[in-house]
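A.B. asks: Quick one: this structure, given as structure tokens, is what I'll be asking you about.
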Amino acid sequence: MSAVLWQVLQIVLVIGISPLITGWVRLVKSRLNGRIGASPFQPYRDVYRLLQKEAVVAHSASWVFRAAPYVTFGSVWLAASIVPAFTTNLFLAQAADLIALVALLGVARFWTALAGMDIGTSFGGLGASREMMIASLAEPAMLMVTFSLSLISGTTAPAQIIAFILSGGVGIEVSLGLALAALVMVAIAENGRIPIDNPATHLELTMVHEAMVLEYSGRHLALMEGAGMVRLTLFMALIGGLFAPWGMAQPGDGALAVLVGLGAFLAKCFILATALGVFETSIAKMRVFRYADFLGGALLLGLLATIFLYVSEAV
Amino acid sequence: MGAQLSYDIAHLIGATVLMAGFSLLYQRRLFAVLNTFAFQALALAAAAAWQAHIQHAPHLYVTAAIALIFKAVIVPIALHWLVEQLGIHRNVETAMSIGWTMMAGVALVALSILLVLPVTANATALTRESLALAMSVVLLGLLMMITRRNAVTQVVGFMALENGLILAAVSAKGMPLVVEISVAFSVLVAMTLFGIFFFRIRERFDTLDLADLETHRGDRQ
Chain X
1 MSAVLWQVLQ IVLVIGISPL ITGWVRLVKS RLNGRIGASP FQPYRDVYRL
51 LQKEAVVAHS ASWVFRAAPY VTFGSVWLAA SIVPAFTTNL FLAQAADLIA
101 LVALLGVARF WTALAGMDIG TSFGGLGASR EMMIASLAEP AMLMVTFSLS
151 LISGTTAPAQ IIAFILSGGV GIEVSLGLAL AALVMVAIAE NGRIPIDNPA
201 THLELTMVHE AMVLEYSGRH LALMEGAGMV RLTLFMALIG GLFAPWGMAQ
251 PGDGALAVLV GLGAFLAKCF ILATALGVFE TSIAKMRVFR YADFLGGALL
301 LGLLATIFLY VSEAV
Chain B
1 MGAQLSYDIA HLIGATVLMA GFSLLYQRRL FAVLNTFAFQ ALALAAAAAW
51 QAHIQHAPHL YVTAAIALIF KAVIVPIALH WLVEQLGIHR NVETAMSIGW
101 TMMAGVALVA LSILLVLPVT ANATALTRES LALAMSVVLL GLLMMITRRN
151 AVTQVVGFMA LENGLILAAV SAKGMPLVVE ISVAFSVLVA MTLFGIFFFR
201 IRERFDTLDL ADLETHRGDR Q
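Just so you know, the sequences run in chain order X and B. First residue of the first sequence? That's 1 in this note's numbering, and the numbers climb one at a time after it. First residue of the second sequence? That's 1 in this note's numbering, and the numbers climb one at a time after it.
Set out below in structure tokens:
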């Protein structure tokens, strides 16, 4: 029974705090740039404003264009609700593993790219082709991370991986460090952050994600932006959960443990969001032709994590 | 402190040295290469100090100090100075694309692990793993010497290779201090010689790209 309750809380939580996390990253970046910056609650107002507006759709748009925001947001939200954020005692925890998570994110990306091409403008097609290039490099890296984690813990379900790490069965494992580095690189690419993509840009030559959603307005744009915010929270929950699961409540724990888990989750999110803001401020965006090196590096780190696991097993 | 934890930390520091070796292969700018090399030497010093702690071998602290002072400070500063004097702080020319180089690097790491593990079947777990790591670092240094066309980056590759040798030396028990000191000083001498060579090569050929030397050697018409 409590599993269902925590699942509902998780579903509400990820959508509830996602705009705040995005707003916090923007605030950190503004402060580091010497600007005062908007309040961290500004994204809530933005989404509310967009929801009030009329959705303008081009004549050339087909049903794909109109359906894409709902599918994208739905699949990202579903993915975020199966990643354990504050407790592993979730109703859907058995239903989905990390591979299903990658697939759900893939569905979201596929529909966004379709929508970018559907409208027939040159920017949409350009953004879609770049997004697919990034995806073709980021997905194998993400799967490699999944494999090395599942080799350590013997399962691909995030809840059981977390339980295994919390039980103290693993020491300081080099493979885990490498997998963490690879996952952080993948997360940067998947969320369209600097150095891969600039979430704040409206300069057409450099944008990837923004180029695909350029033609959206009103509630469609709100859903697309919301999907981006939820995806950022998802990756923070994934990194914080798999690699620093301390404070997470386990099945059988009471409501107090869940409260501790909630506090730990919020703390992790704010640490990661601040780190992201600092990181994005301190480096420049890459050229498109260097993405392959960056994400290829992530793939190789994942591969090395698996190789080192083999060493630890053999010794 | 448990044996498992000290083993894990040694493993982690060794892997940091190896990762620095990979990021040396990834860098495109000369100064970034030098900074990464300094970081690798720093990690090496940490590895030596940690081995001194867990092996109860105080002479390894001297090795750590040598690595810290010479390899993490003096050599990078000297190379910085050289590069500034030579005026070549631009992109590094690579003979192979970065992606292929990195893939070759992973293949070399896998190779060294496959090679070292069966050979050292009787040694302790810590030694085996450190040797596998050290051999990977050596091979990555060799790879860097092969895939870079600029003389300065080839020298950095040589120094990285030597970092791998020191890593192997500190993880094997009973390495006399004299050997380590003489290796460290020979590297310093080599570095001085390299500096002189850089100036000579540039004076003569107006470039540090070693591909241009091949015509003078008679390899290419």
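Don't be surprised by glycine CBs; every beta carbon is placed ideally from N, CA and C. Nothing here was measured: the structure is a model prediction, and the numbers come from that model.
What are the start and end residues of the alpha helix (DSSP H) that includes W246 of chain X?
C.D. replies: The sequence position of residue 246 of chain X within the first sequence is 246, counting from 1. Where W246 of chain X is concerned, there is no enclosing alpha helix (DSSP H), given that its DSSP letter is neither H nor E.
A.B. asks: Below 8 Å on C-beta distance, what does G99 of chain B contact in chain X?
C.D. replies: For the purposes of this step, residue 99 of chain B is identified with residue 99 of the second sequence, where counting begins at 1. Those are A292, D293 and G296, listed as they occur along chain X.
A.B. asks: Taking the alpha carbon of T155 of chain X as the reference point, which residue from X:G168, X:I99 and X:A187 has its own alpha carbon closest?
C.D. replies: Numbered from 1 along the first sequence, position 155 holds the residue referred to as residue 155 of chain X. Closest by alpha carbon: X:I99.
A.B. asks: Check whether chain B comes within 8 Å of G116 of chain X, counting only Cβ atoms and requiring the distance to be less than that.
C.D. replies: Your numbering for residue 116 of chain X matches position 116 in the first sequence. No, its Cβ sits nowhere closer than 8 Å to a Cβ of chain B.
A.B. asks: Could you have a look at T87 of chain X and say whether DSSP puts it in helix, strand or coil?
C.D. replies: The residue you call residue 87 of chain X lines up with position 87 of the first sequence. It is a strand residue.
A.B. asks: Closest by CA to G168 of chain X, which one among X:G120, X:A244 and X:Y310?
C.D. replies: For this step, residue 168 of chain X is matched to residue 168 along the first sequence. Nearest option by C-alpha distance: X:A244.
A.B. asks: Measuring alpha carbon to alpha carbon, tell me which residue in X:V28, X:M133, X:I82 and X:H59 is nearest V8 of chain X.
C.D. replies: Locating residue 8 of chain X in the first sequence gives position 8, where the first residue counts as 1. Nearest option by C-alpha distance: X:I82.
A.B. asks: Suppose contacts are defined by Cβ-Cβ distances below 8 Å. Is L86 of chain B in contact with R202 of chain B by that definition?
C.D. replies: Residue mapping note: residue 86 of chain B aligns to position 86 of the second sequence, counting from 1. Residue mapping note: residue 202 of chain B aligns to position 202 of the second sequence, counting from 1. Contact: yes.
A.B. asks: Less than 8 Å between the beta carbons of I134 of chain X and I194 of chain X, yes or no?
C.D. replies: On the first sequence, residue 134 of chain X is found 134 positions in, with the first residue counted as 1. On the first sequence, residue 194 of chain X is found 194 positions in, with the first residue counted as 1. Going by C-beta atoms, I134 of chain X is not nearer than 8 Å to I194 of chain X.
A.B. asks: I113 of chain B touches chain X at which residues, Cβ-Cβ below 9 Å?
C.D. replies: Position 113 of the second sequence, counting from 1, holds the residue named residue 113 of chain B. Correct list: I307, F308, Y310, V311 and A314.
A.B. asks: With F224 of chain B as the anchor, note down where its alpha helix (DSSP H) starts and where it stops.
C.D. replies: A question about residue 224 of chain B goes unanswered here, because the residues of chain B that appear run from 1 up to 221.
A.B. asks: Cβ atoms of R149 of chain B and A211 of chain B: under 8 Å apart, would you say?
C.D. replies: Counting from one through the second sequence, the residue named residue 211 of chain B turns up at place 211. Counting from one through the second sequence, the residue named residue 149 of chain B turns up at place 149. Yes. Within cutoff.
A.B. asks: Would you report the Cα separation of I239 of chain X and T16 of chain B, rounded to the nearest angstrom?
C.D. replies: As a working mapping, residue 239 of chain X is identified with position 239 in the first sequence. As a working mapping, residue 16 of chain B is identified with position 16 in the second sequence. When rounded, the distance between both Cα atoms is 20 Å.
A.B. asks: Starting from V138 of chain B, find everything on chain X with Cβ-Cβ shorter than 7 Å and list it in chain order.
C.D. replies: By 1-based counting over the second sequence, the position of residue 138 of chain B is 138. Simply none; closest approach about 16 Å.
A.B. asks: So, are the CB atoms of V170 of chain B and A3 of chain B less than 8 Å apart?
C.D. replies: Within the second sequence, numbered from 1, the residue matching residue 170 of chain B stands at position 170. Within the second sequence, numbered from 1, the residue matching residue 3 of chain B stands at position 3. No.
A.B. asks: Which class does T63 of chain B belong to by DSSP, given the choice of helix, strand or coil?
C.D. replies: Counted from its first residue, the second sequence places residue 63 of chain B at position 63. In this structure, T63 of chain B counts as helix in the three-state DSSP scheme.
A.B. asks: Where does the unbroken alpha helix (DSSP H) through E280 of chain X begin, and where does it stop?
C.D. replies: Sequence index remark: in the first sequence, residue 280 of chain X carries index 280 (1-based). From DSSP, the alpha helix (DSSP H) with E280 of chain X extends over A255 to S282.
A.B. asks: Counting C-beta neighbours from all protein chains within 10 Å, is the total for T192 of chain B 16 or more, i.e. buried, or is it exposed?
C.D. replies: Position 192 of the second sequence, counted from the start, is the residue given in the question as residue 192 of chain B. Label assigned to T192 of chain B: exposed.
A.B. asks: Can you give the Cα-Cα distance for T319 of chain X and M142 of chain X, rounded to whole angstroms?
C.D. replies: What the structure shows of chain X is the stretch from 1 to 315, and residue 319 of chain X is not part of that stretch, so it cannot be assessed.
A.B. asks: Report buried or exposed for E54 of chain X, applying the criterion of at least 16 other Cβ atoms within 10 angstroms of its Cβ.
C.D. replies: What you label residue 54 of chain X is simply residue 54 of the first sequence in a count that begins at 1. Under this definition E54 of chain X is an exposed residue.
A.B. asks: Assuming I21 of chain X and M236 of chain X form a contact by the criterion Cβ under 8 Å, report the distance between their Cβ atoms to the nearest whole angstrom.
C.D. replies: For the purposes of this step, residue 21 of chain X is taken as residue 21 along the first sequence, with counting starting at 1. For the purposes of this step, residue 236 of chain X is taken as residue 236 along the first sequence, with counting starting at 1. With a Cβ gap of about 7 Å, I21 of chain X and M236 of chain X count as contacting.
A.B. asks: Measure how close the beta-carbons of G261 of chain X and F86 of chain X come, nearest whole angstrom, since I'm counting them as under 8 Å.
C.D. replies: The residue you call residue 261 of chain X lines up with position 261 of the first sequence. The residue you call residue 86 of chain X lines up with position 86 of the first sequence. Sure, about 4 Å apart at Cβ, within 8 Å.
A.B. asks: Identify, in the order they occur along the chain, each residue of the same chain with its Cβ nearer than 8 Å to the Cβ of A38 of chain X, setting aside the five sequence neighbours on each side.
C.D. replies: For the purposes of this step, residue 38 of chain X is taken as the residue at position 38 of the first sequence. Once the five neighbours on either side are set aside, the close Cβ partners of A38 of chain X are G23, R26, L27 and S30.
A.B. asks: Nearest to T72 of chain X by alpha carbon, out of X:F110, X:V288, X:D46 and X:L178?
C.D. replies: In the first sequence, residue 72 of chain X corresponds to position 72, counting from 1. Proximity to T72 of chain X across X:F110, X:V288, X:D46 and X:L178 peaks at X:F110, based on C-alpha coordinates.
A.B. asks: Along chain X, which residues have their Cβ under 9 Å away from the Cβ of L82 of chain B?
C.D. replies: Stepping through the second sequence from its first residue, residue 82 of chain B is reached at position 82. Residues of chain X passing the Cβ test: none, with the nearest at roughly 27 Å.
A.B. asks: So, do the stretch 121–140 of chain X and the stretch 182–194 of chain X have three or more beta carbon pairs nearer to each other than 8 Å?
C.D. replies: yes
A.B. asks: Could you confirm whether any beta carbon from chain B is found closer than 8 Å to the beta carbon of G177 of chain X?
C.D. replies: Taking the first sequence and counting its residues from 1, one reaches residue 177 of chain X at position 177. It does; some Cβ of chain B falls within 8 Å.
A.B. asks: If I'm right that A182 of chain X touches V145 of chain X with Cβ under 8 Å, what's the distance once you round it to whole angstroms?
C.D. replies: To locate residue 182 of chain X, count along the first sequence from 1; it is residue 182. To locate residue 145 of chain X, count along the first sequence from 1; it is residue 145. For a cut-off of 8 Å, the C-beta gap from A182 of chain X to V145 of chain X is around 5 Å, short enough to register as a contact.
A.B. asks: Find out if the Cβ-Cβ distance for the pair A115 of chain X, F65 of chain X is shorter than 8 Å.
C.D. replies: To locate residue 115 of chain X, count along the first sequence from 1; it is residue 115. To locate residue 65 of chain X, count along the first sequence from 1; it is residue 65. Taking 8 Å as the Cβ cut-off, A115 of chain X and F65 of chain X qualify as a contacting pair.
A.B. asks: Can you confirm whether A110 of chain B, when its beta carbon is compared against all beta carbons of chain X, has any partner nearer than 8 Å?
C.D. replies: As a working mapping, residue 110 of chain B is identified with position 110 in the second sequence. The C-beta of A110 of chain B comes closer than 8 Å to at least one C-beta of chain X.
A.B. asks: With a threshold of 16 other CB atoms inside 10 Å of the CB of K173 of chain B, please say whether the residue is buried or exposed.
C.D. replies: Here residue 173 of chain B refers to the residue found at position 173 when the second sequence is read from its first residue. With fewer than 16 Cβ atoms within 10 Å of its Cβ, K173 of chain B is classed as exposed.
A.B. asks: Spell out a yes or no on whether the stretch 63–82 of chain B and the stretch 28–40 of chain B are touching, meaning 3 or more CB-CB pairs, one atom from each, closer than 8 Å.
C.D. replies: Judged by Cβ distances under 8 Å, the stretch 63–82 of chain B makes contact with the stretch 28–40 of chain B, as three or more pairs qualify.
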